[in-house]
Structure formats: structure tokens, C-alpha cells
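Below you'll find the structure, written out as C-alpha cells, and then a few comments.
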Amino acid sequence: MSKLGNERKNNLGPSQLSDVNQPLLTVNHITVGFQHNGNINKAVNDVSFQIKEGEILGMAGESGSGKTITALTIMGLLSKEASVLGGSILFDGKDLFRLKPEEFRKIKGNQISMIFQEPMTSLNPVMTVGYQTEEMLLLHENQLKQAERKRKTLAALKEAGLKDTETLYYQYPHQLSGGMRQRVMIAMAMICKPKLLIADEPTTALDVTIQAQILGLIQKMNQEYGTSVLFISHDLAVIKNTCTRAFVMQEGEIAEEGTVRDLFNGPKKAYTKKLMAAIPDLSSRKTGFPFSDPDAVQNGQAVLLSGKEKNILEVRNLHVFYEEKAKKLFSKKTRKQVVNNVSLTISQGEILGIVGESGSGKSSLAKAVVGLIDSKTGEVILNEERPQMVFQDPYGSLNPAKKVGWILEEPLKLAGGYSQRERKSKVLKILNEVGLPDEYTERYLSQLSGGQRQRVAIGASLIRNSKFIVLDEPVSALDVTVQARILELLKKLQKEYDLSYLFISHDLKVIYQMCDRVCVMYQGEIVETAFVEELFRKPVHPYSKKLLEAVL
Amino acid sequence: GDKTGTDDEKTPADDMSSGTPVNGGSVVVGISQDLDSLDPHKAVAAGTKEVLFNVFEGLYKPDKDGNLVPAVAESYEISPDGKVYTFKLRQGLKFHNGNLVTADDIVYSLKRCAGLLDTTDPAVVVESALTNVSEVNKTDETTVEVVLKEADTELIGFLTSAVIPENYDKQDTAPVGTGPFKFVSYTPLESFVVEKNEDYYVAGKPYLDKVTFKIEPNADSVIMELLAGSIDIFPYLTDAQAEQLKDTFTITEGHMNLVQGLFLNNKAEPFHNVKVRQALNYAIDKQAILDLVAGGKGTVIGSNMFPGFAKYYEDLADKYPYDIEKAKTLLAEAGYPDGFTFTITVPSNYKFHVDTAQVIVEQLKQAGITARIQQIEWASWINDVYVGRNYEATIIGLDAKLAARDVLERYNSAADNNFVNYSNPQYDETLAKAIEAQDDAEKINYYKKLQSILAEDAAAVYIQDPALLVAVNPKLGGYTFYPVYVLDMASVYFKAE
Amino acid sequence: MNTEKIHYNINFIAGLIIISLVLFFVTAGIFYTPYDPNEMNGAIKNMTPDFAHPFGTDNFGRDILSRVMSGAGTTFIVALSTVAIGAVMGTLIGAVTGYYGGFIDEILMRVNDGLTSFPSILLALVFVSIIGPGKYNVILALGIIFIPSFARVVRSEYITLKQMDFVKNAKLMGAGDFRIMFVHILPNTKLILLSSVTIGFNNAVLAEAGMSYLQLGVQPPDASLGRMLSEAQAYLFNAPWCALAPGLMIVLTVLGFSLLNER
Amino acid sequence: MKYFIRKLSSLILTLLLVSIFLFISFQVIPGDSAAASLGTSATKETVEALREELGLNRNVFVRYFSWLGNALCGDFGISAQYNMPVSLLLKERMPVTLWLAVLSIALIIIISIPLGIQSAKKEGGVSDRVITFLTHTAMAVPPFFLGIIITLVFGLILKWFIPGRYISYSENPGQFLGYMIFPAIAIAIPKTAMTIKFLRSSVIRQLKLDYVRTARSKGNQENVILYRHVLKNAFIPVITFIAMVIADVLAGSIIIEQLFSLPGMGRMLVTAISNRDFSVVQAIVIYIAAVVVVINFLVDIIYRCIDPRVRV
Ligand SMILES: Nc1ncnc2c1ncn2[C@@H]1O[C@H](COP(=O)(O)OP(=O)(O)OP(=O)(O)O)[C@@H](O)[C@H]1O
Ligand SMILES: Nc1ncnc2c1ncn2[C@@H]1O[C@H](COP(=O)(O)OP(=O)(O)OP(=O)(O)O)[C@@H](O)[C@H]1O
Ligand SMILES: [Mg+2]
Ligand SMILES: [Mg+2]
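Chains as they are written, first to last, in the working numbering: chain A, 1 to 552; chain B, 1001 to 1497; chain C, 2001 to 2263; chain D, 3001 to 3312.
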């Protein structure tokens, strides 16, 4: 990793609000660039901020605006391709760029730790979850006895909202759902009670109830141990609830900063205003907020559906199970049922939402529906030969050895019937529609931000106009502006081509905005299916109630 | 198994015999081939026979001058008609197992070699000369009589075959003989170990207590081991190796007693044409071959006889001097004015022959002849070339017993081992006369004539009798060259300090 | 900071230079050699390198430089085609077995095992017996001998990679098995495959020398690097330079190639 | 258990296949043990007689099945050349090859892992450059050169061992191993170079993955990351490679055994092939095939252990 931040500017950060608390972290004019065909793209440009002890600082911003890169720069974890072009970072009075690697290493994990944005790929695939978490203790609290370590690990996992931690301890990342992995990351980052926690989109894969629990946990740590937090999120509502101060990034620079209240009430910069305006609101649906307008349900929605005769998908009594590999060689494999007797239908042109607890089997259901899981029983009748799917983990589901352009072109090649020119122009079109510039065709996935990857995945699934698309948390990593744009695009295409979606999201606002009907999943079963308005107004199952309460 | 020889006029052992012999000590001798059988009657590889020479003896055995001297027998007589050989046994001779050698043992041994036993073991190699034996009789306890079908005065050269105890069936795992050394152990791929036979009838011999023949197929590791002192004696050094060892070892030079030649299939196009064969002889510069592959060592020959066999040797080395123009003329006469193309099949395990082939290919280019080299595995060579006679040309070295007949008989048109497919009625006739001849001078005359016929007919391109370079630990003395292919350890001794 | 990038460039450029030199050398060897590579001269046997013979002469007085120039071409053709056969067939087999698993895997892998355990000498003998001797059938024989190792390595890659979500995604997009195996997965094995190819190239050069002893391949007096190297073995002490030029050539080529493909 | 039985039956199938193929090969190649053992004293008649005696003239199927029948009873027949039961002959070669293999494999693993990792860790750095150059050179050096150089340096110059000396295991196990170490080095060097190269590529690929970043964020030492986190992942393709190497050395290194005058299986095999000593060849090849199959079977199991995602 390259360090070059020696030229210190004289003013110590832009923060005007200097109160009694000492700054724990001071970021001074850092600039980070990537070399691209000879010229340098600055992903982070002259960014400065401070985090005081015991403060939770929010960082919001457009997808691709440099949030993750900033965080990684603080952690000293930039990839080789990145180079720090200037600036300095002071942590606890120490200049991180000038620290010896060994000293810096000792700080990592112990004093500063980070929750990475992409939990799916950030865990070691060949190590048990338990070990990976416990490793933190091994490294930084090695006075602990083994039993004690395990106890602490299990406790931390539990605190992060994970259940059955005793089993979990011996499981491998691939056996976990997206949200579970994210919580493992969280547990891992918090277990040593660091002075500074950098949380990069820590709740993207979590349903509202657990999200609330995690946010509570962060706040608790903040209060009990004085942990400072750099809280990166595209979810402004979360930032509003969690942070006192926040800043907004745009194109690598800080667009605006201030107290949360100021930002939300009186955004000054145009971009911030746009951001605030784009917050999807349960009321943004045609007839306003359902809770205040009970009649809205009647309003054509039911009619629209009842008339539908043609089903694009019919699932009957679907069971999905995983073979758990035996711990010992040659001993019997065990089966774990994760989707239990699920039946549902989606009619042509319908968007069916699935919400549910993290780990309840949503992704498994989705994969089973499109035929990616063999170990299932029951019936799946799908009237589309080529269903498409946006995987919950966009990074893992796209070919790392290929460039974005190729990835987007591939579905067209497979569909056939397009000339090379047509393909190229379609690729550029969809790329623009998901909000990425043309030159991204030449990038590898590893050179994109989390949100950008997600958009590529969406683009790839949309490009061949499949009649049925499964979208597994498609916008979880997107900031509101981009999210709005994507949702609009999805809607537009759905209308234009009469597409059907199976739309999985933990974000009820998005669900509300997008879906016609919603299934609520809980522990592998669909506990409730209802028209979206109906559900929001009058949830029946206790879990549904809990979910909706958490939003309000 | 392509080496052996004759007698050796240069007596290179002179410097070796200096120093006073001391009794005792053990010596490691490197040999390059594993033994093919411990049963002396089954062994065919020359490399095996040279080792077994130390363990077994025949009725007679060769000495270093190429004479046959009494061994198990004390003396013999040939009947005037040349059909009955009568042997007198050496008294009190014992086998290694302590038993006395009886006339029965001898009858058994001879019958076994001649294929006259009631139950024959097909693995026993029957010498073609011995098929002439019609019966072997015990006259009394110390006399044995060999009766022939036809007169043959040279048979004694073939009666060097080992004498072994009658009805002893472990010959191929625990051989028992009468030689100067007793068998101790044999480990395949590793070694053959013998120890001193205390009862040996020659007084004072052998000197050494123990000899280990170490099987060492890799020429490069041999050098290492010689330099490290793990091997005391190693024959068949290459010229380059000898050069390298000359400071630390005594390098002695003898003859391999081989006829190395480019053998041509006389029945194959275009070699059925004598002019082509002669052309080849003119087109190959034998001295140049010696220079290039053997550092100039070795003796150029012109027919199928090695100079070491001086009595019968006819010097024909200058028969075909190197002369490209002549070669070209002959080729044109034969109808190949633009030359032709042929393949030389060489056994790949003999680097010496492969190297020779390389030089020949280059030389033949001058005469417009294109030769290609095809290396072939030894077993395939035996099968395809030697037995199958399915080849155009090959390079090999031919060895022979201590009998001129053995050397020349393979050109008899009916001979089993006439792998060159040579056929000349005049030759056959002359050979028959040679064998029958009672008078030595007459015999020699015929044999010399045979050589001339071969040379005239250019049955093959006879190249050389290669030099035999032996590295001997300077502490040792008595290493003796034989005109046949043997490694006589009985004469080797440690010199007194 | 940017030093890494410069390093890659240096590697690449160095590789390029080396390979160009080698190729130039080989191509030049087709049209011109300072001496006739097979011409013998007893007067200059085993001469140390000097102006007239920059790499010395061998035990037949042949110019080593000329022999390397003419031999390198043969060696490259043999080694490259051998590796090509091994890599292509091996990748094919490895991909199919790794990707499908099950019965096909079991059968093909056992055949593979059989082939691995079969002594190459014997295989070579069988080859000559069946297709007869010929200069380039060594390529076929060696190629076949090289298949199992490639197949094994590729298979292991496929076993891991086929589990990945991107493969599942490709399936959804309608990519056929063949396309998934060779268009989607294969590029991800690039790094490992390239290592195998480099290693294979090396082995092929040396194996070719071994094969020419067994009636297969280039027969003397024609030169090939492997042959020269193994012939030099006998003169390692007297004339070590005999090994130098062919050895250097092999090392340079392999080094050049792997520098080239290092990014 | 079912898995085990399946693997066992496929092992047997492989051995059967190999033995049939070998048998056919011996039909195809020129020469047989009769001609080979008679050498230049062979004539058509003597060869015929010996063939008859050795049973080489019997019907092909009869011969194969009688061999098979005996082999199934553990009797691999008598060596045509050595006139000894094959099993006895091989029993003495086995420890040589086995120990040679064990030593060289140990060397390969001990050397290649740290060097491969070191080289990948400092990709493009000086140590990487040096290691890369050395590995490529080592790979390009033919084994016999290495053998000669090792003998020269350690045997003749340093006198750490006496070239050509071989002390059998039964004689003195300690000295036996002492003499084995040098040939083992000669075998190990090129293979180590290959393993390094392989491991390096694999580690470099892994180092680009996100989980490494996570491991760094925890404050792991770079070496710990490499050995604890990366190695296991990176080893997946390398294990296959090492398995091939192991099978290779267990089959006996012909050249090295010859150079160091070790009476091992490799040398035996070559000799037996050139003598057309069918039963010996058959036994050795069956042994090699069994080794290969078993090792590959173990590799599959190791995959399962290392990579939890893999279902083999
Ligand atoms: N290896 C790379 N090479 C080139 N550009 C890169 C690389 N990594 C990231 N970038 C670019 O840097 C910019 C900032 O990326 P970063 O990951 O910080 O975005 P982000 O703000 O975290 O976005 P998101 O909310 O989508 O995660 C993006 O435009 C991205 O394309
Ligand atoms: N490959 C697997 N092997 C074993 N168990 C698995 C595997 N994949 C998922 N599971 C288990 O199946 C259950 C459901 O997982 P799934 O990924 O379907 O959840 P989800 O509803 O998508 O959750 P999230 O919202 O967190 O993504 C979880 O308990 C998980 O541990
Ligand atoms: Mg990000
Ligand atoms: Mg999920």
C-alpha cells in the first residue's frame, strides 16, 4: 500500500464545531486516485473531516462518490491500484500514513475496525464463521482462555441478532444468508470494542427489525464504551436517526456537512436537496399514504389483479433444503430445511414482493424458483424459459474475469438475433439507464463501487427483456437518488413489456412503492400474502405487525 | 552383448604387473549391465560372461595371450580323424560347495551345453558349434570322451563352457562352479559379490578376498564414483572419461576385440548391389570416425576379423581407402548417379554406435547419399534387426569366441545368425574347407581368404576394433587384458606399499 | 506509489525483449547459420568459446551456436505443439470432469489415472509400433503424456469455480454448458493455466530429449535443444559450454514467456 | 461408506484397465522376453523354443487371464529375467523408492510453501524477481544435470557423502536416510520450482479477494494472513499439483535412481521394459496405478476438507 500523505496543510480540517471533545480522527485533505489509461481518476478529492471522541458521524452520498474509498484509506486497506495522492490522517494523535506497518497493524481491529460493505465476499470462504469472529479476540485479547473466547464470540454473534449461534459457530460463510453474513461482519468489528468503528453500509441486507437492533447496538456501544463511529449509509433516514453530525459526498468531494438537523431541514447544496427530495416515502405511491387513506386499497388495485388470468409463475408446496456436510468424513449428511411448504403465484405483469426476516429463506426461495437449487420438492411452473435474476450478492454473481461491457453484452449474445452494433448500442443504453457512464464498459467489477456493481447486475438482468425477473435486494446498496432512478426504470420496463418481478427487499418503502402483492416470510414459511396496501394497513401475522411497527 | 575378442599383442599389462602382490583386500569393479542370468549356460550377454569368468571354468580356458590352457581338464587329445576328443580330468578339483568334480559332472555339463540332455531347458543356449557333438561319454572316473559327427579341430575353443555340478538346480540363484572366486550374493540392479576360493588349484591365486561387481548403467555417475573412490576398476571408459580420470587412475588401453561396422542388409535395395556396398566403403573415412568418436584410439579394420586374433588376421584395412570420386563413380555404375536415401537403425543404448552413425551420415553426404538415423531400443533391435532382419543398415559391434570359425561362420548363407543376409557360394565352400582342414597353415589360409572375400564383396563397411580403456585404481596391480571379453580378477592384487 | 505499475511494465518489456530475441534467433536459424550445424571437424573438437565459435564446439567439432540456432526451432515446434495438445485436451477433459462431476468424472479421471501411471517409455514404444517412426510423432506421444496433468489441474479449478454464483447467473442467462465452461469459467483459471503451460513447456523441452532416445522425435545428427543438453551431459566436465548455450536458450524462453504473461 | 465402496470399485476398475492396456502394449511392441534374453545368440529357432517354454505362444486371452487369476491371489509371477518371484524382487526396491519419495516430498513442501508465498507477497519486488528467475532456471535444468552437480558439490568437493555408495535400509536405517537425502534433493529441486510457480499464481489470485482485506482490517500480521487465511484457499489448485508430483516420485525417478545408483522401482521398471520382463512391468505399473488412484482419491477428500463449498 502506498502512502504519500506527507504534505500537511495548515488548517486542521474544516470542522467548525469544535466543542470540548478532542478529535479522535482527523482526515486532512486526502486525495485518492486510480490510474486509468495513463490519466488519474480521483475517486476521493481533497476530503477533510473530523470525528470526535464518542461521536457518530454520518457519511451519505451518491453511489460511487468515494465513501468506501475514504473509509479504506483510513484503514490503510486500499488496493494496490489505488494511490494516495495527498493529505494526511491523524488518529489519536498519530499520523496513520507515517506509522510503521507494525504499529498500524496493532491499531487495526483493536482500535479502529471496519464493517465492510459487501459481507458476501468479505468473509473467508474456507473458515468457519466462529473462527473468523474469534480471530479478533485471538489477535487483540490473547490473554483470554479458549473457552472464554468462545463464550464471548457466541455472545457477540447473538448481540448482532443471530440465532442458534452454537451451530453458526461451526458454519461456513456460504451456508449463511446475506443478512446473516452481514451480522457476522458486524459482530466481528465490534467484538473488541474499538475506539473507532467504520461502518460501511452496515445494514443493507437487514430487515427493519434487525436493522433497528443493530443500530441500537451501535448506539449502545457508542454510549457505553465511547466508541466513535463513522457511519456510512445511503439511507438518510438511518443517518438521521443515528448520527448527530453528517456530511454528504458527491463525486469524491464533500458536498455539504453539518448537523443532521440542519442537513435535513435546510439542505443548502443542490445535490443535498435532490437527495432529500428523493427519499422514497411510503406516501409516494399514487394515492398517498395508505395508513391515512384506507380507501386507497379499493382503488383499482384489486381489480387489476383479479382480472389477471395468466400466471407466469406458480409454486406449489415448495420445500427447499440444504445438505449440511457432515463434520466428520463419511458420516451421514444432514438435511436442513430452509423453505417450508411455500405456495405462491405471480401473474403476468405483476410484481410480487417478498419481505421477511433475514435468514428466513427468501434468497433460497428465489433461487429455487428459477431452478438454481436442485434439492427441493414441490412444483414450480414457470412460463418463461429464461428467467433472470439479480443476485443479492452482485459481486459474486458476475464474472470477475470479464469487463462490464462483456458482462452486459453476454445475455444479448445468448439471446441471439442481435448484430454486434445493436448489441453495443443496447449495452450503452442500459448502462446509461442504470446511471453509469460509457467508459465503465472497460472496467472490471473489482474496479467498481458496491452500488455500481449492483447496477451492473440489474442492467445485465434487464437487458434481454425476459418476462420474469427475480430481484433479490436489487437496490440495497444504492443511494436514494440512484435508487429512485433504478426503481423508475424497473417500473417503466415492467409497464412497457408487461414484465413480472419477484421482488425481494427488506426495505418496506421500496416494497410499497414497487409491488402489487407482498408475501411475508418467516422462518422458511410464507406467513402472510396480501395486496401491498392491505398489508401495510392491516398486517395479520404477528411478524408482519412487528415489521411494520419498526418502520413507523 | 556385442563385445569380445582375441588376443592382444601389445601386452598393455606390463606397467600393471609392477609392484609386489599382497594377498587380501577387496575391490569394487564397475560393470555397465545387469547380469542376464547367473547360470553360465543361460547367460548370453557378454557383460555377464565376463563376470562369470571368475566363478566358472570350462575344461579349458583362454589365457591372456589367446592360448587355451587346461582348467578343469588337465590335458586332451584329438583323434587323428578329428572326431574324438579325449579329456583327462584335473585331480582333486573341488566345486565351491566342497564336492569333488567328477567325470559325471563333466559329462552332464557338456551335454547340457550341447543340448544332449534328455530334458532340455530351452533357456540353455546351445552353441551352434556344439551341435556337432554326437555323444559325451565317461570312459573312466577321470576321463571323458567327446565324439563329433564331423571332424572339427577347432572345437576346443568352444569347450570353455562352464563345468557345473550334476543335477544342481539352483544354478541361477546360487551358482556353483570351480573358478577362482565363489559366489556370495547377487542383488538385481545392485551388485554381484564373490569371494576368494581358497581351494583354487593355481597356487597363490586369487590374491583378493572379495570382489564386488557393481552394476552401474549410468556412465556419468560412474565417473563420480570413480573420483570418489567407490569404484576401483572400470572398463569401457569413453575417450572423454579417460581424459578426465588420467590424473587419479591408471588408464590402460587394450582392444575390445569387436568388429564394429556399418552392416548392410545384403538383400535390401540398394545394398543387394555390390557396387553400392563398395561405394559406401569408399565414401566412409574410417580414420576420421576413430578421430571423432574415440579420440583416435582403436584400430581400423577391413574385414570381419579383429587384429587381436593375429594368427588368422588378414590386414585389409587399406582395401577401400577414403575416395569420394571412386564412390561416386561406383554409384553411377550401379545406377544411382544421384545417390539414394537409406536408414541406419542403431540400438539407442550404445552411444558409441550412435555417435559413429552421426559421423557416417555426415560423411555420406559428400557422396550424395542421404542417410537417416533411427535409434531403436535394444530389445527391438534384437527382434527387428537381428532376428527379423528387417532393416537397411545398422551399426553394431560383433564379438566372437576364441575360434576363427565363430568369427566368420555368420556369413555362411545358411547361418542362423547371418543377419546381413550375405550369400556367396564361394564363401560357403571356402568356409567348409576351412573347418575341415586339419593342417593349421591350410586352415589359416582359408580363413584369410574368407576375410578377403568378405572385403571384396563389401559385405559390410567394417570400421574398427575399438580401443578398450580401463581405469584401475593405482594401488592395484595385475589387471590383465584378454583377447576375449573377460574381467579376470584372479590376477589383480594390491601392491605392497 | 506508482512503482508497482512501472514494475509490471518492466517485466512486460523485459519479457517482450527476451521473446523477440529468441524468436529472432530461431527465425534467423531457418535461413542462416554461421556454419553448417551438422558439419564435423575433428580438428576443433570441444573447443572453448572464442570469436569464431562464440559458444564453442562440441565433441564432433560442430559449431554450437549454429546447432542451437537450427535446433531451437525444432524444439519450439515440438514443445509448443506438445503443450498445445496437452493443454487443449487437458483443459477439455478437466473442464468436463470438473464441471459435470459424477459418472463422467469418475470414468474420465480413472482413464486419466491409468494414463498417468502408464510408463511413458512403454507408451512411446507402443506409439512407434502403431504409427511408425517419424520426426513429429513425438508431438503426439508427448502431447498425450501431457494431458493428465493439465486435466487434473483444470478439473480442480472447475470444481471450485462451478459453485460460484456467476456460473449460476450465466446458466440463467441461457448460456449452454459448453459456453459456461469455456467462456465464463475458463478465463478465471487463466493464472493457474498459464503456470501450467510454462511448466509444461519446460518439461516438454526436456521430455523431447528423452524421447529421441526411444526412436521417437528428432534423430541425430539433427539438433534440438533437449538433445544437445542431454548429449552435453557426457562432456559436462571436459566441455561444460556444450550445455551452456542450449540451457541458456531454454531458460530464456521460459523466463521470457512467463514475464510476458505476468499481467 | 457408500462413497468408499464406490471409490474402491473404481480403483479396481482402473487397475484392471491398466493391466489390460499393458498387456495389449506388450503384444504390440516388437521383441519379447525370449528374444531379449537370448540377445545376439538368438536365432529364430532358439527364440521359438524359449517362447514356447515361457508360455509366450499360448493364446493371448489364456495368458492374460492366467496372469490375472494369479495376480488376484497376490501372485505376480516370476520375473523372466531374474528368475525370482516378482513380489520378492519388488519388496527390496520398494523402501528405496518410498523413502526417496517421502524425503523429496517433504523437501518440496517445506521449501516451496514459504518461497511461493514470499514471492507472491512481494509480487514484482526484488525477492519475487529473484525467486521467479531461480524457479525458471531450476525448472529448465534437466534432472541429470542437477544430479551430477549435487554429486560433484556434496560428494566430491564437500565429501558429505560417497557417491555411488548405497546402504540398504535393513543394513542401517540412519545411514540409509543419509544417503537418500541427496538424491531426494535432486528430485525435489525442479519439482519445488514448479510448485513455487504454481503456488505463487494461486496466492496472487487470492490476495486480490476481499476476504484478505477483512483479515488485514483485523490487524493480522501479513504473514499470518498469508499462512492462515490465504494459504488454505490458494492451496486448492496446488494440492492437485502436489498430488501429481507425489505420484510421480512414488513411481520412482528413473534418472535420479540411475545417477545415484539406487536400486529403486523406477530403474527396475526401465530395465524390465527393455528386457520385456512382462510380469515385473505389470506389477510395477499396477503399483503405480494404485498409488495414483489412491492419491487422487485422497486429494478429493482433502478438497472436501479444505473447501467447504465443494461436494465431491
Ligand atoms: N480499483 C478501482 N479502479 C478504478 N476505479 C475504482 C476502483 N475502485 C473504485 N473505483 C471508483 O472509485 C469511485 C468511488 O468508489 P467507492 O467504492 O468509494 O464508492 P462508494 O461511495 O462507496 O459507492 P457505493 O455507495 O456504490 O458503495 C467509484 O466511481 C468507483 O468506480
Ligand atoms: N448453501 C447453504 N447451505 C446450508 N445452509 C444454507 C445455505 N444457504 C443458505 N442457507 C441457510 O438457509 C437459510 C435461508 O437462507 P436465505 O439465504 O434464503 O435467507 P434470506 O431470507 O435470503 O436472508 P437474507 O435476507 O439475510 O438474505 C439460512 O438459515 C441459511 O443459513
Ligand atoms: Mg461503497
Ligand atoms: Mg438473501
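Yeah, the Cβ is synthetic: ideal placement off N, Cα and C, and Gly gets one too. In this text the structure is predicted, and so the values were computed from the model without any measurement.
Give me the chain G residues within the contact set of residue i, using Cβ-Cβ distance strictly less than 9 Å, ordered along the chain.
| i | result |
| --- | --- |
| C/Ala2234 | Although the question refers to chain G, the structure presented lacks it and instead comprises the protein chains A, B, C and D. |
Pick from the options: whose alpha carbon is nearest that of residue i?
| i | options | result |
| --- | --- | --- |
| D/Leu3269 | D/Phe3004, D/Ile3295 and D/Val3280 | D/Val3280 |
| D/Val3294 | D/Arg3200, D/Ala3251 and D/Leu3259 | D/Ala3251 |
| B/Tyr1493 | B/Gly1115, B/Thr1480, B/Val1486 and B/Tyr1485 | B/Thr1480 |
| D/Gln3175 | D/Ile3162, D/Ile3012, D/Ala3186 and D/Ile3187 | D/Ile3162 |
| B/Ala1334 | B/Ile1223, B/Val1124, B/Leu1280 and B/Glu1198 | B/Leu1280 |
| B/Asn1257 | B/Ala1073, B/Pro1080 and B/Ile1396 | B/Ile1396 |
| A/Glu379 | A/Gly349, A/Gly353 and A/Asn341 | A/Asn341 |
| B/Glu1456 | B/Asn1273, B/Gln1171 and B/Phe1419 | B/Asn1273 |
| C/Asn2038 | C/Ser2224, C/Leu2142 and C/Val2126 | C/Ser2224 |
| A/Ile469 | A/Val475, A/Ser461 and A/His506 | A/Ser461 |
Please go through the same chain and pick out, in chain order, the residues whose beta-carbon is closer than 7 Å to the beta-carbon of residue i, but skip the five residues on each side of it.
| i | result |
| --- | --- |
| D/Val3047 | Ala3034, Ala3035 and Leu3038 |
| D/Ala3283 | Phe3076, Val3086 and Leu3090 |
| D/Phe3241 | Thr3195 and Phe3198 |
Beta-carbon within less than 8 Å of residue i's beta-carbon, same chain only, minus the 5 sequence neighbours each way: which residues are those?
| i | result |
| --- | --- |
| B/Pro1507 | Because chain B in this structure spans residues 1001 to 1497, residue 1507 of chain B falls outside the shown range and cannot be described. |
Taking just the CA atoms, how far does residue j sit from residue i?
| i | j | result |
| --- | --- | --- |
| C/Ala2151 | D/Leu3015 | 20 Å |
| B/Gly1254 | B/Val1211 | 22 Å |
| B/Val1027 | B/Pro1040 | 23 Å |
| D/Ile3255 | C/Thr2189 | 33 Å |
| A/Ser375 | A/Pro542 | 30 Å |
| A/Ser306 | A/Ala277 | Reliability of the predicted coordinates at A/Ser306 is poor, the pLDDT of 39 falling under 50, and no value is obtained from them. |
| A/Ile435 | A/Ser500 | Going by the sequence as given, residue 435 of chain A is Gly instead of Ile. Computed Cα separation, rounded: 23 Å. |
| D/Gly3266 | A/Thr73 | 57 Å |
Between residue i and the rest of its own chain, which residues show a CB-CB distance below 6 Å, the 5 nearest in sequence each way excluded?
| i | result |
| --- | --- |
| A/Ile381 | Glu314 |
Residues of the segment 377-392 of chain A with a CB closer than 7 Å to any CB of chain C: list them in chain order, please.
Arg386, Pro387, Gln388, Met389 and Phe391
Given 8 Å as the limit, is there contact between the segment 53-62 of chain A and the segment 231-251 of chain A, that is, 3 or more CB pairs closer than that?
yes
Please confirm if the segment 1352-1365 of chain B is in contact with the segment 1299-1314 of chain B, defined as three or more CB-CB distances below 8 Å between the two stretches.
no
Mind listing which residues of the segment 2165-2185 of chain C have their C-beta closer than 9 Å to chain A's C-betas, in chain order?
Asp2165, Phe2166, Val2167, Lys2168, Asn2169, Ala2170, Lys2171, Leu2172, Met2173, Gly2174, Ala2175, Gly2176, Arg2179, Val2183, His2184 and Ile2185
Output needed in chain order: residues of the segment 1223-1236 of chain B with a Cβ under 8 Å from some Cβ in chain D.
For the segment 1223-1236 of chain B, the set of residues with a beta-carbon nearer than 8 Å to any beta-carbon of chain D comprises Met1224, Glu1225, Leu1227, Ala1228, Gly1229, Ser1230 and Ile1231, in chain order.
For the segment 2081-2104 of chain C, enumerate the residues whose C-beta is nearer than 7 Å to any C-beta of chain D, in chain order.
Within the segment 2081-2104 of chain C, no residue has a Cβ that lies closer than 7 Å to any Cβ of chain D.
Does the segment 2103-2117 of chain C come within contact of the segment 3283-3299 of chain D, defined as at least 3 CB pairs closer than 8 Å?
yes
Just checking, does the segment 407-419 of chain A make contact with the segment 2173-2181 of chain C on the three C-beta pairs under 8 Å criterion?
yes
Are the segment 2215-2223 of chain C and the segment 1366-1379 of chain B touching, with three or more C-beta to C-beta distances below 8 Å?
Segments in contact, yes.
Would you list, in chain order, the members of the segment 393-411 of chain A that have their beta-carbon closer than 7 Å to a beta-carbon of chain C?
Asp393, Gly396, Ser397, Leu398, Asn399, Pro400, Ala401, Lys402, Glu410 and Pro411
Going along the segment 3024-3052 of chain D in order, which residues come within less than 7 Å of chain C, judged by CB to CB distance?
Ser3025, Val3028, Ile3029 and Pro3030
At a CB distance below 7 Å, what residues from the segment 1380-1398 of chain B approach chain D? Give them in sequence order.
Ser1380, Ile1382, Asn1383, Asp1384, Tyr1386 and Val1387
Using a Cβ-Cβ cutoff of 8 Å, what residues of the segment 3300-3312 of chain D are near chain A? List them in chain order.
Ile3301, Arg3304, Cys3305, Ile3306, Asp3307, Pro3308, Arg3309 and Arg3311
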